[in-house]
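Numbering (my numbering), first residue to last: 45 to 215. Each remark here refers to the structure printed beneath this line.
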């Protein structure tokens, strides 16, 4: 029961397994399609991981800004050392992204300028309110830092699963 037929210029062998043979030879684009889908899915995993890291980093910088604003507004009540600690935390949060130290310092100065402008609009807080708000923003900052570190570990784990990229100019 074996014979040949011509379909679209390709010879297909008819056999009891002809369904499988004809499917593979008639649809070579199916193999290409599946390959493209597989590559797309494998490249989407690091992209999703990167999105989570970006969200964690933005949250960390936002928490550092809120903590800096609270410490600045309450520096007379809770002490200048708490303000300096908050300033260093804000600088470190910016340097974590890879910014050079001088740019991070200037960025923190710009943050402080904005905080000084907004200070006039906000009412003064009591000592108890300052202590509570300072502790809350510091706890948020620490929580965001832990989340960022866990996202960073996830990124490293994903990156270690990927094959190494070839250097430029080399196959």
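Backbone N, C-alpha and C define an ideal beta-carbon position, used for all residues, glycine too.
Residue i and residue j closer than 8 Å at C-beta
i           : j           : result
residue 105 : residue 143 : no
residue 114 : residue 177 : yes
8 Å contact criterion, which residue i and residue j should meet: CB distance rounded
i           : j           : result
residue 148 : residue 135 : 5 Å
residue 195 : residue 117 : Contact doesn't hold; Cβ gap of about 30 Å is too wide.
residue 110 : residue 181 : 5 Å
Reference residue i; option with closest CA among the options
i           : options               : result
residue 123 : 183, 132, 175 and 185 : 175
residue 130 : 170, 150 and 108      : 108
residue 168 : 99, 121, 98 and 96    : 121
residue 156 : 173, 102, 172 and 132 : 132
residue 183 : 112, 159 and 161      : 112
residue 103 : 125, 128, 141 and 127 : 141
Where residue i falls, given that 16 or more other Cβ within 10 Å makes a residue buried
i           : result
residue 186 : exposed
residue 189 : buried
residue 100 : buried
residue 192 : buried
residue 197 : exposed
residue 171 : exposed
Alpha helix (DSSP H) segments (min. 4 residues) lying fully within the stretch 117 to 203: 119 to 122, 124 to 139 and 145 to 163
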